[in-house]
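This report concerns only the one structure given below.
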Amino acid sequence: MWQRIKGALQRFMMGRHGGDQLSLAMLIVGLVLSLLSTFTRFMPLYWLGMIAYIWGIFRMFSRNDAKRNEENQRWVTFWTRFKTEIRQFFVRLKNFRKYKYFKCPQCKSRLRLPRKVGEVTVTCSKCKHQFKQKA
Ligand SMILES: [Zn+2]
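Counting in the working numbering, the sequence shown runs from 234 upward without gaps.
Right under this line is the structure:
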């Protein structure tokens, strides 16, 4: 009995995309939003949650594997960047008194100087651009 169900399920999922990080994220978003909507009684949250849910499930059963992989790749890249940004934000917050943080005017990469060094010429570690910076 279970064998047959398993077999049928396997046949059904054949050539379909299956679960990935983006679908998982959508299911979690759907769950969180629908929980929030029950607490706040704010119905648009519920509908947004349902859309996230349906999109997540649609992606799992989708037969367009290439498209889904591309979406998932974009999501993973975004999420990794987002997590790094958050982590760096807290590091900057912690070292706020010790360092002045600023961006390279040319390549926008983030740099720092110890506070109270006065005006110095900074060489960007990434693009080697030189500029004056007060700290
Ligand atoms: Zn630079």
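From the three backbone atoms N, C-alpha and C, an ideal C-beta is built for every residue, glycine too.
{"Asked": "Buried versus exposed call for M259 [16 or more other C-beta atoms within 10 Å across all chains shown]", "Found": "buried"}
{"Asked": "Straight-line gap, I284 to L344 (C-alpha atoms, nearest Å)", "Found": "41 angstroms"}
{"Asked": "Through-space distance from R325 to Y334, alpha-carbon basis", "Found": "8 angstroms"}
{"Asked": "Backbone secondary structure at P338 - three-state DSSP", "Found": "coil"}
{"Asked": "Those residues, in chain order, that have a beta-carbon closer than 7 angstroms to some heavy atom of ligand 1", "Found": "C337, Q339, C340, S342, C357, K359, C360, H362"}
{"Asked": "Exposed unless 16 or more other CB atoms sit within 10 angstroms - verdict on S342", "Found": "exposed"}
{"Asked": "N-terminal and C-terminal residue of the alpha helix (DSSP H) that K367 is part of", "Found": "No alpha helix (DSSP H) contains K367, which is instead part of the beta strand (DSSP E) from 363-367."}
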